[in-house]
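So in our numbering, spot 139 of the sequence shown is number 157, and the numbers just go up one at a time. Structure, as structure tokens:
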Amino acid sequence: MIISIASDHAGYDLRQKVIAHLESKGIEVIDGGAESADKPYNYVEAGTKIAEDVLSGRADRGIAICGTGIGISVVVNKFKGIRCGTCTNEYMARMSRQHNDANVIAIGARVVGQAVALAMVDAFLEEGFAGDRHQERVNDIKTLENRNFK
Ligand code: RB5
């Protein structure tokens with residue numbers, strides 16, 4: 019599995035921790051976004067990078083980090099085919115996969131602690147999509163995308 023991860027400056031420190039965590043498990047990472055926590059970097063650019071990596075097939079899933087997780091989740095969800103939830107605990111991360119077939123998770127570096135963030139990342143990568151009635155809802159989302167994305 020290849021993961022595209024990117025953050026703005028607010029997410030820089032957590033991003034480094036997540037990358038180290040993923041690499042320690044042998045997971046390949048495409049890294050993007052802020053070069054440091056001190057140099058402002060726009061979460062719109064970071065989110066765009068992740069969405070393009072996932073939609074092009076360069077990455078299987080994405081991990082998006084900003085201060086709250088909100089701004090970058092709004093950005094990636096502007097791309098047709100991206101399903102991203104901002105998660106604040108492991109249960110939400112697991113459900114984003116099981117019920118929503120999320121292909122990107124957004125995390126707020128100023129909201130959750132490092133241990134919770136890593137547990138969410140693990141849940142997001144391990145969990146499968148439950149399909150069945152949830153597939154019907156994802157299909158409905160795709161219908162909405164086809165209607166509303168120009
Ligand atoms: C950056 O200060 C902050 O606005 C950003 O990281 C994020 O929280 C926006 O949603």
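Just so it is clear, CB atoms sit at the ideal spot from N, CA and C, and this is done for glycine as well. None of these values were measured; they are calculated from a predicted model.
- Under the Cβ criterion (8 Å, minimum of three pairs), the stretch 23-34 counts as touching the stretch 118-133.
- Check the Cα spacing between MET19 and each of GLN116, ARG101, ASP78 and LEU32: the tightest is with ASP78.
- The Cβ neighbour count for SER42, taken over all protein chains shown within 10 Å, is under 16; the residue is labelled exposed.
- Assigned with DSSP and collapsed to three states, ARG76 falls in coil, not helix or strand.
- In the structure shown, ASP31 adopts helical secondary structure according to DSSP, grouped into three states.
- Residue range 108-116 is occupied by the alpha helix (DSSP H) that includes GLU108.
- Going by DSSP, ALA24 is part of the beta strand (DSSP E) stretching over 20-25.
- The three-state reading of DSSP puts GLY89 in helix, counting H, G and I together.
- Proximity to the ligand RB5 was defined by a C-beta distance below 6 Å to any of its heavy atoms, and the residues meeting it, in sequence along the chain, are ASP26, ALA28, TYR61, CYS84, GLY85, THR86, ILE88 and GLY89.
- Residue environment for ARG151: exposed (fewer than 16 other C-beta atoms within 10 angstroms of its C-beta).
- For the pair ARG155 and ILE83, the CB atoms are not nearer than the 7 Å cut-off.
- Boundaries of the beta strand (DSSP E) around VAL122: 122-126.
- Rounded to whole angstroms, the separation of the alpha carbons of GLY65 and ARG76 is 15 Å.
- Between the stretch 100-113 and the stretch 42-55 there are fewer than three C-beta pairs closer than 8 Å, too few to call the two in contact.
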